[in-house]
Amino acid sequence: MDSGSTSSCLFQSVQIALFLLFISFAFVFSVFSFLIYIFRLKPLCDCDVCTAYLSSSWTKEFDNLCDWYTHLLRKSPTGTIHVHVLGNVVTANPANVEHMLRTRFDNYPKGKPFSAILGDLLGRGIFNVDGESWKFQRKMASLELGSVSIRAYAFEVVASEIESRLVPLLSSVCGKDDRVLDLQDVFRRFSFDSICKFSFGLDPGCLKLSLPVSEFAEAFDAASRLSAERAMSPSPLVWRIKRLLNIGSERRLREAIKMVNALADEVIKQKREMGPSEGHNDLLSRFMINIDDDRYLRDIVVSFLLAGRDTVASALTSFFWLLSQNPEVRDAIREESDRVMGPTADGLASFEQMRKMHYLQAALYECMRLYPPVQFDSKFAQDDDVLPDGKKVKKGTRVTYHPYAMGRMERLWGPDGLKFRPSRWLTRDGVFSPENPYKYPVFQAGVRVCLGKEMALVEMKSVALALVRRFDVHVADSHRGPRFAPGLTATIRGGLPVAIKERSVSSTR
Ligand code: HEM
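Per my numbering, residue 21 is the first one in the sequence shown, and the count goes up by one each step.
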């Protein structure tokens, strides 16, 4: 054996030894962390709630986990429960919500468990960071989103998507009884096109008449779904080990993120080559003026895609489901819009006209009270604390506020709290009157309140008006309540199959 092959053999043996050492270390570390995790979670808690959770016996009575939590929170005298096996305090008490989102905001960051789950997809984007990095992005994004020019750009994007794609698509199936359309899918395509154009200046064309498959949309969907699934594994160690070994869902997640990154990098490169020029109104072009780090730019913009896509689609889907059950609300929206826009107006409503439609605003708020797109949201206590209702919270505990349950608490909304009644948001003079945001934290509230709220409302109003004024939307199975798929945003399992008809003359006009 010559000296060359001897040293290559030696090198291989060292490599194998190092690999085995690494695997053994990873195994011992994993077992150790798993034991600590189990120890902290109190897996042996046998209280009724934990037993029902662990045995899944709640599924006998409730279709959705959020409905079971609502039931428990309504029964709790303080509106707060503790799911010991999950180390999770869940609250529907507005005083507690204000405490965590405003008064003691500093003690309730998103925390490491959350940022680890979404970290590979969102990186250092606003949605996924705390502290100085969050403050910097928040300030910059608030300035941009508050500007008149970006609001006008957002309106332009939405208007063009409605007129050139959404209305033609629905018209193409109008009156054809055999054509059932999944309205949830249509709204997801619509909001993905809109948020991509707004954030990147890029048009994925998901809502073109042929409803094409967009590789980018598919990769983004897969990346957000698989990231959310991490939160459902019995222990974070499970996905961490799969990620280390690059197997199963973690392998698919890595591939999906690679695709999202490749596209984002390409868009950023092209924009850098073009240089700052007139007509680049999208968020990315605006952020590029102040930020040189391309990776950071990608992270910021991807956070916006996640924040603004599924939320709007989810709200619109529940809105049309609720209208199908409450045609009198649809008729009242028509009457109001006929009054403000004129009965024969064909185009979209202007900003000014939308501002005058108080009933429409009330109907959207009422819809999101019963079906908030973000059903619950968690923070992690940085230090020991006591909530205003007396609940003690230990450092590291996950504390969740639950907008879905809060919207269904009779003690907050009165005995008809489960009814879809937009007029509860109107004064006697028919003027929209907002609620205390800690009682209605649909857009979160306090220091970290949603930055896209106004934009989302304009988008939703534009779509609602365009469809309600032109079409009758018939939901195929409107009698069964929605069943939700697990994920970051409320999504109806199986979609929302509808048939589209011309607007019937009988209602108004
Ligand atoms: C109906 C539509 C929407 C709802 C219900 C909604 C709700 C929320 C909620 C609950 C949060 C807090 C999430 C958390 O911290 O874990 C949030 C944050 C945020 N939303 Fe929205 N959102 C909507 C639409 C939008 C749109 C269209 C945009 C973008 C243009 C947007 C941008 C953001 C951003 C950037 C944040 C992070 C704010 C921060 O961390 O400081 N949202 N939103």
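Backbone N, C-alpha and C define an ideal beta-carbon position, used for all residues, glycine too.
- For the ligand HEM, any of its heavy atoms closer than 7 Å to the Cβ of Thr-511? What you label residue 511 is simply residue 491 of the sequence shown in a count that begins at 1. Relative to the ligand HEM, Thr-511 has its C-beta separated by 7 Å or more from all heavy atoms.
- Message: I'd like to confirm something about Phe-463: is its beta-carbon nearer than 7 Å to some heavy atom of the ligand HEM, or not?
- Response: Residue mapping note: residue 463 aligns to position 443 of the sequence shown, counting from 1. For the ligand HEM, at least one heavy atom lies less than 7 Å from the Cβ of Phe-463.
- Query: Within the present structure, is the beta-carbon of Leu-342 separated from the nearest heavy atom of the ligand HEM by less than 7 Å?
  - Reply: Residue numbering aside, residue 342 sits at position 322 when the sequence shown is read from its first letter. Outside the cutoff, so no.
- Check whether the Cβ of Pro-393 lies closer than 7 Å to any heavy atom of the ligand ADP, and answer yes or no. Questions concerning the ligand ADP fall outside what the structure shown contains, since the ligands it does hold are the ligand HEM.
- Can you list the alpha helix (DSSP H) stretches of 4 or more residues lying completely in the stretch 142 to 199, in chain order? Entirely contained in the stretch 142 to 199, the alpha helix (DSSP H) runs reaching 4 residues are, in chain order, 151 to 166, 168 to 181 and 187 to 193.
- Query: Rounded C-beta distance between Leu-201 and Val-518? I'm assuming under 8 Å.
  - Reply: On the sequence shown, position 181 is the one that residue 201 refers to. On the sequence shown, position 498 is the one that residue 518 refers to. Confirmed, about 6 Å.
- Message: Tell me the DSSP secondary structure of Leu-446 in three-state form.
- Response: Looking up residue 446 in the sequence shown gives position 426. If DSSP states are grouped into helix, strand and coil, Leu-446 belongs with the strands.
- Message: According to DSSP, simplified to helix, strand and coil, what is Lys-415?
- Response: As a first step, residue 415 must be located in the sequence shown, where it is residue number 395. DSSP places Lys-415 in the coil class of the three-state scheme, outside both helix and strand.
- Message: Closer than 7 Å to a non-hydrogen atom of the ligand HEM - does that hold for the CB of Thr-98?
- Response: To locate residue 98, count along the sequence shown from 1; it is residue 78. Thr-98 Cβ: outside cutoff for every heavy atom of the ligand HEM.
- Looking at Arg-468 and the ligand HEM, is the gap between the Cβ and the nearest heavy atom below 7 Å? Position 448 of the sequence shown, counting from 1, holds the residue named residue 468. With a cut-off of 7 Å, the C-beta of Arg-468 is classified as near the ligand HEM, since at least one heavy atom of the ligand falls inside that distance.
- Message: Given this structure, state the Cα-to-Cα distance separating Gly-472 from Ala-510, to the nearest angstrom.
- Response: Working through the sequence shown from its first residue, we reach residue 472 at position 452. Working through the sequence shown from its first residue, we reach residue 510 at position 490. Looking at the two C-alpha atoms, the distance is approximately 18 Å.
- Note down the Cα distance separating Ala-237 from Lys-439, rounded to an integer number of angstroms. Walking along the sequence shown from the start, residue 237 turns up at place 217. Walking along the sequence shown from the start, residue 439 turns up at place 419. Ala-237 and Lys-439: Cα-Cα distance of roughly 36 Å.
- Query: What's the C-alpha gap between Pro-502 and Asp-83?
  - Reply: Within the sequence shown, residue 502 is the residue found at index 482, counting from 1. Within the sequence shown, residue 83 is the residue found at index 63, counting from 1. Taking the straight line from one Cα to the other gives about 9 Å.
- Query: For the ligand HEM, is there a heavy atom less than 7 Å away from the beta-carbon of Ala-369?
  - Reply: Counting from 1 along the sequence shown, the entry for residue 369 is found at position 349. Not so, every heavy atom of the ligand HEM lies at least 7 Å from the Cβ.
- Task: Measure from the alpha carbon of Thr-521 to the alpha carbon of each residue in Lys-376, Leu-477 and Ser-344, then state which is nearest.
- Result: The sequence position of residue 521 within the sequence shown is 501, counting from 1. It is worth fixing the name first, because residue 521 is Lys in this sequence and not Thr. Relative to Lys-521, the option among Lys-376, Leu-477 and Ser-344 whose CA is nearest is Ser-344.
- Message: Does the contact criterion of 3 or more C-beta pairs under 8 Å hold for the stretch 404 to 414 versus the stretch 431 to 445?
- Response: In this structure the stretch 404 to 414 does not lie against the stretch 431 to 445, because fewer than three pairs of beta carbons, one per stretch, are closer than 8 Å.
- Give a yes or no on whether the C-beta atoms belonging to Pro-114 and Tyr-458 are separated by under 8 Å. Taking the sequence shown and counting its residues from 1, one reaches residue 114 at position 94. Taking the sequence shown and counting its residues from 1, one reaches residue 458 at position 438. Tyr-458 sits close to Pro-114, with the two beta carbons spaced by under 8 Å.
- Best match in Arg-306, Ile-261 and Pro-393 for proximity to Ile-170 [C-alpha to C-alpha]: Within the sequence shown, the letter at position 150 stands for residue 170. If we check each option's Cα against that of Ile-170, Arg-306 comes out closest.
- Taking 8 Å as the cut-off, decide whether the C-beta atoms of Arg-272 and Val-488 are in contact. Residue mapping note: residue 272 aligns to position 252 of the sequence shown, counting from 1. Residue mapping note: residue 488 aligns to position 468 of the sequence shown, counting from 1. Cβ atoms of Arg-272 and Val-488: not closer than 8 Å.
- Message: Just to confirm my understanding: we take Ala-505, look at its own chain, exclude 5 residues before and 5 after, and list those with CB closer than 7 Å. What are they?
- Response: Stepping through the sequence shown from its first residue, residue 505 is reached at position 485. The residues are Thr-511 and Arg-513.
- Message: Is any non-hydrogen atom of the ligand HEM found closer than 7 Å to the C-beta of Ile-5, if you look at the structure I gave you?
- Response: Since the first residue of the chain shown is 21 and the last is 529, residue 5 is not available in this structure.
- Which residue's Cα is closest to the Cα of Gly-107: Ala-486, Ala-401 and Asp-223? By one-based count along the sequence shown, residue 107 stands at place 87. It is Ala-401.
- Query: If you measure from the CB of Thr-420, is any heavy atom of the ligand HEM nearer than 7 Å?
  - Reply: Residue mapping note: residue 420 aligns to position 400 of the sequence shown, counting from 1. No - the ligand HEM has no heavy atom lying nearer than 7 Å to the Cβ of Thr-420.
- Counting along the chain, where does the beta strand (DSSP E) carrying Asn-108 start and finish? As a working mapping, residue 108 is identified with position 88 in the sequence shown. Element bounds for Asn-108: 108 to 111.
- Query: What number of angstroms, rounded off, separates the C-alpha of Asp-405 from the C-alpha of Arg-431?
  - Reply: Reading the sequence shown from its first residue, position 385 is the one you call residue 405. Reading the sequence shown from its first residue, position 411 is the one you call residue 431. Roughly 26 Å separates the two Cα atoms.
- Task: Using 10 angstroms around the beta-carbon of Gln-381, count the other beta-carbons present and answer buried if the total reaches 16, otherwise exposed.
- Result: On the sequence shown, position 361 is the one that residue 381 refers to. For Gln-381, the number of other beta carbons within 10 angstroms of its own is at least 16, and it is reported as buried.
- Message: In the DSSP output, which residue or residues are listed as bridge partners for Asp-405?
- Response: On the sequence shown, position 385 is the one that residue 405 refers to. Val-413, per the DSSP bridge assignment.
- Return no unless some Cβ of chain B is closer than 8 Å to the Cβ of Ser-482. Although the question refers to chain B, the structure presented lacks it and comprises just one protein chain.
- Item | Euclidean distance between Cα positions of Ile-261 and Cys-387 | Numbered from 1 along the sequence shown, position 241 holds the residue referred to as residue 261. Numbered from 1 along the sequence shown, position 367 holds the residue referred to as residue 387. Straight across, the Cα-Cα distance linking Ile-261 with Cys-387 is about 41 Å.
- With a 10 Å radius around its C-beta and 16 neighbouring C-beta atoms as the bar for buried, classify Pro-188 as buried or exposed. Here the question's residue 188 lines up with position 168 in the sequence shown. With fewer than 16 other Cβ atoms within 10 Å, it is exposed.
- Message: Under DSSP, the alpha helix (DSSP H) around Ile-353 begins and ends at which residues?
- Response: Here residue 353 is taken as the residue at index 333 of the sequence shown, counted from 1. Segment 347 to 361, the alpha helix (DSSP H) holding Ile-353.
- Item | Distance, Glu-118 Cα to Lys-245 Cα | In the sequence shown, counting from the first residue as 1, residue 245 sits at position 225. In the sequence shown, counting from the first residue as 1, residue 118 sits at position 98. Residue 245 is actually Arg in this sequence, not Lys. Roughly 30 Å separates the two Cα atoms.
- Where does the unbroken alpha helix (DSSP H) through Pro-114 begin, and where does it stop? Residue numbering aside, residue 114 sits at position 94 when the sequence shown is read from its first letter. Looking at the DSSP string, the run of the alpha helix (DSSP H) that includes Pro-114 is 114 to 118.
- Quick one: what's got a C-beta closer than 8 Å to Phe-491's C-beta in the same chain, skipping five residues either side? Indexing the sequence shown from 1 puts residue 491 at position 471. In the same chain as Phe-491, and ignoring 5 residues on each side of it, the C-beta atoms closer than 8 Å to its own belong to Leu-190, Cys-194, Ile-520, Lys-521, Glu-522 and Arg-523, in chain order.
- Check Tyr-555 in the structure and name its three-state DSSP category. Residue 555 cannot be examined here, being either before or after the span of the chain that is shown, 21 to 529.
- Integer-rounded CB distance, given that Tyr-424 should sit under 8 Å from Pro-392: Sequence index remark: in the sequence shown, residue 392 carries index 372 (1-based). Sequence index remark: in the sequence shown, residue 424 carries index 404 (1-based). Their Cβ separation, rounded to whole angstroms, is 6 Å, which keeps Pro-392 and Tyr-424 in contact under 8 Å.
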